[in-house]
Amino acid sequence: MTVLPRPARAAPRLAVKTVLPTPPLPEAIGRIMATRVSFPTVRPARRRPTYCHSSACSAILQVFFPSIPGRLERVSQMRYSKGMKHYLLLLAGLVGGILAYAGVPGQPLIEITTTSLAQDGKASLVVSSAPTVATVQINRHHYGLLPVELKNLTPERYALIISAPGYHDCAVDLSLAADTRTELYVELVQKTGYLQVSVNVPNATVRVGQTEYPAGLIELSVGQHDISVRAFGYASRELEVLVPLNLINYLAVDLEAVEFSLTTPLLSRGSFNPRNAGLQGTTILSYEVTNRGLASYQVFDAAGELRYAETGTPFATWQQDWYWNGRDQAGTILPDGLYTIKVIVQPDADTLTNYQTFEYALEARLDSSLLVLPQGLSTVLPGPALAYGAFLPAADSLYWGIGLLARSDSSGLPQLYASLKGNLALRRLFDLGLVCEVGPDSGALILRGGLRAGLPAASLPLLGSFSPGAALSFDLPVAGDTEALRIRLGLPLSLGTPFLFLQLAPEFSFRYDDGPAWQLSAAAAIGLSGYNLAAQLSARLSSADLAGGFSLQWPMQLALDLNLLPPGLPLRASLNGQLGLGASQLSWQAGLYFEVEALR
1 MTVLPRPARA APRLAVKTVL PTPPLPEAIG RIMATRVSFP TVRPARRRPT YCHSSACSAI
61 LQVFFPSIPG RLERVSQMRY SKGMKHYLLL LAGLVGGILA YAGVPGQPLI EITTTSLAQD
121 GKASLVVSSA PTVATVQINR HHYGLLPVEL KNLTPERYAL IISAPGYHDC AVDLSLAADT
181 RTELYVELVQ KTGYLQVSVN VPNATVRVGQ TEYPAGLIEL SVGQHDISVR AFGYASRELE
241 VLVPLNLINY LAVDLEAVEF SLTTPLLSRG SFNPRNAGLQ GTTILSYEVT NRGLASYQVF
301 DAAGELRYAE TGTPFATWQQ DWYWNGRDQA GTILPDGLYT IKVIVQPDAD TLTNYQTFEY
361 ALEARLDSSL LVLPQGLSTV LPGPALAYGA FLPAADSLYW GIGLLARSDS SGLPQLYASL
421 KGNLALRRLF DLGLVCEVGP DSGALILRGG LRAGLPAASL PLLGSFSPGA ALSFDLPVAG
481 DTEALRIRLG LPLSLGTPFL FLQLAPEFSF RYDDGPAWQL SAAAAIGLSG YNLAAQLSAR
541 LSSADLAGGF SLQWPMQLAL DLNLLPPGLP LRASLNGQLG LGASQLSWQA GLYFEVEALR
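Residue 129 in this note's numbering sits at position 129 of the sequence shown, with consecutive numbering throughout.
What follows is the structure, given as structure tokens:
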């Protein structure tokens, strides 16, 4: 296979101040390239002072030796020799080579896979690309958007051109052999140019779309861009710029200083338990400022006594976040109750015309009953893998997660699965979960969903609390045939406390595979938990189809969950292992799951 790069087209003339850049080389070389070079006249017959008028040489020396003046004057008493002339010609050749190199785009990524396939002496071709909006021409015939699959092709050479708006064309020369299937994948090279942004203040940034760059030389896709130039303590400016192909557009921006102001501070949690791990054991006081200043924070109890005080660092950016973990100055957890957080913000003297300080008071409640403990994450709802619990959520939360698991197939070999998960909990109301699971077969996709609600717990002497509830879940195969449709209705019962509990969960389920089937199941779990670590053991045994009478169906399932809630991080993790104990077959499953808190 021979790859024929398409010849580079001459860039159109633009009414902007531009120079040819060298993308892969350092900015120092770019500065050298941006200079005009004029060489002195060689006069070997006269002895006179030599003046160097080569701004390229000056640029080179300025880059590596900043202490040398920008323009060299009367550097020595010497003649121009043939060696000096050769050096100057070598420098000119170097600059010219860099200029020529700058106009050559990067090479596209091309992957070709060929497999044998009986086609009665014909050949087939599959073409795909990134981006997917590309089109393909084969022997000067258009075949539309990619991916494209062509069959019954004559075994011979084919010339392909893959094109996409905003990308360099890619030309590929393929020779197809008889009774083969050839797959061609091409990653096109984006057409880019450069934007040189100079700002009158230090530490300025340039935002293009969702990406932020430091002010300076920025490589961007060709075309119009909306940019925002800003620096802390100054008013931002919104601009529209044109980025030319393989050229630099120079932009000078002047930002104006702004007076100090701030938004009203807010707390992420009005109530929290300082003993909880993760971010559920803290509250975050957040606000934004526009200029330099300093803030101090004080915490008072209901009696007005100062329990904690802290002075923050000087403001260096817009967003300000202060964390309080419910502890006093000595690091001891404070008793439950209502506390007042006082914020005093002092701007720098030169940031306000009429100087003033800003004071705010906010209230936060410490509540040790808001228990957020590590949970199993292997199923659609948090908890033991095989037995949903009935404890109501102690706090509002929203988590997004990923999972990687391996299940044994009928021969005992592992099959890999990946999952994406979302879980929403409303305090003392319900849990709601949804999982999208991708199977090992191409295109296999399963949706799992669940809803759990509970009733207020009843206290029992020496046994903690008794909590009844209800849980509804489903498994829906969207694509592939890896699993059957299943709907479960359970009535979980929890006895004990969130730290040590026993759970029972009778279930009634409907399954549709080759036909409808109705089943009964019984699940049980026991759990032991701390604030950071937890272990949960669960089991489930189901009946066969009730239409044929009641009988047990093997295998019986056993599961172990080891759960982690790291301190100070918006993250929870779980390791799960399961066994299916059958009369003649042993099945297994193992998985690792991570979830990140989105609601803080």
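Idealized CB from N, CA, C, for every residue including glycine.
Source: prediction; values computed, not measured.
Asked                                                                                                                                  : Found
Contact set for residue 398: own chain, Cβ-Cβ below 6 Å, skip 5 residues either direction                                              : 424, 598, 599
Same chain only: Cβ atoms within 7 Å of residue 358, ignoring 5 sequence neighbours per side                                           : 262, 345
Distance cut-off 7 Å: residue 150 Cβ against heavy atoms of the ligand PLP                                                             : Within the structure as shown, the ligand PLP is missing, as the structure has no ligands at all.
DSSP-derived helix/strand/coil call for residue 132                                                                                    : coil
Buried or exposed (CB count within 10 angstroms, at least 16 for buried), residue 382                                                  : buried
Exposure of residue 530, with buried meaning 16 or more beta-carbon neighbours within 10 Å                                             : exposed
contact_flag[the region 564-574, the region 547-555] where n(CB pairs < 8 Å) is 3 or more                                              : no
Residues of its chain near residue 288, where Cβ-Cβ distance is below 8 Å and the 5 sequence neighbours each way are ignored           : 262, 263, 318, 319, 320
Residue 416 burial status per 10 Å Cβ neighbour count (16 or more: buried)                                                             : exposed
Limits of the beta strand (DSSP E) - the one that residue 423 falls within                                                             : 414-426
Nearest-angstrom Cα separation, counted from residue 421 out to residue 488                                                            : 19 Å
Cβ neighbours of residue 493 in the same chain (closer than 8 Å, five flanking residues each side left out)                            : 390, 466, 467, 468, 469, 503, 504, 505
Whole-angstrom distance between residue 527 and residue 606, CA atom to CA atom                                                        : Outside the shown range of the chain, which is 1 to 600, sits residue 606, and nothing can be said about it.
Cα-Cα separation between residue 433 and residue 380, rounded to whole angstroms                                                       : 5 Å
Euclidean distance between Cα positions of residue 169 and residue 189                                                                 : 8 Å
Stretch pair the region 279-296 + the region 321-339: three plus CB contacts closer than 8 Å                                           : yes
Per-residue burial, residue 224 [other beta carbons within 10 Å of its own, 16 or more giving buried]                                  : exposed
Limits of the beta strand (DSSP E) - the one that residue 109 falls within                                                             : 109-116
Cut-off 8 Å between Cβ atoms - residues of its own chain near residue 367, not counting five sequence neighbours on either side        : 271, 272, 273, 336
Beta strand (DSSP E) runs contained entirely in the region 425-460, provided each spans 3 or more residues                             : 430-438, 445-454, 458-460
Inter-stretch contact at 8 Å, needing at least 3 Cβ pairs: the region 219-236 / the region 192-200                                     : yes
Local conformation of residue 350 per DSSP, three classes                                                                              : helix
Which of helix, strand or coil DSSP assigns to residue 280                                                                             : helix
In DSSP terms, what residue 225 is bridged to                                                                                          : 241
Classification of residue 123 by the beta-carbon crowding that lies within 10 angstroms, buried from 16 upward                         : buried
Status (buried if at least 16 other CB within 10 Å, exposed otherwise) for residue 355                                                 : exposed
Contact check, residue 164 vs residue 131, beta carbons under 8 Å                                                                      : yes
Contacts around residue 605, its chain only, beta-carbon distance under 7 Å, and the 5 residues preceding and following it disregarded : The requested residue 605 is not part of the displayed model; the chain covers only 1 to 600.
Three-state class that DSSP yields for residue 547 in the structure shown                                                              : helix
Contact set for residue 254: own chain, Cβ-Cβ below 7 Å, skip 5 residues either direction                                              : 200
Proximity to residue 228 [Cα-Cα], best of 314, 387, 251                                                                                : 251
Contact check, residue 184 vs residue 243, beta carbons under 8 Å                                                                      : no
Assigned secondary structure, residue 492 (DSSP; H/G/I helix, E/B strand, else coil)                                                   : coil
Closest by C-alpha distance to residue 112, when choosing among 590, 129, 410, 523                                                     : 129
Per DSSP, the bridge partner or partners of residue 187                                                                                : 109, 130
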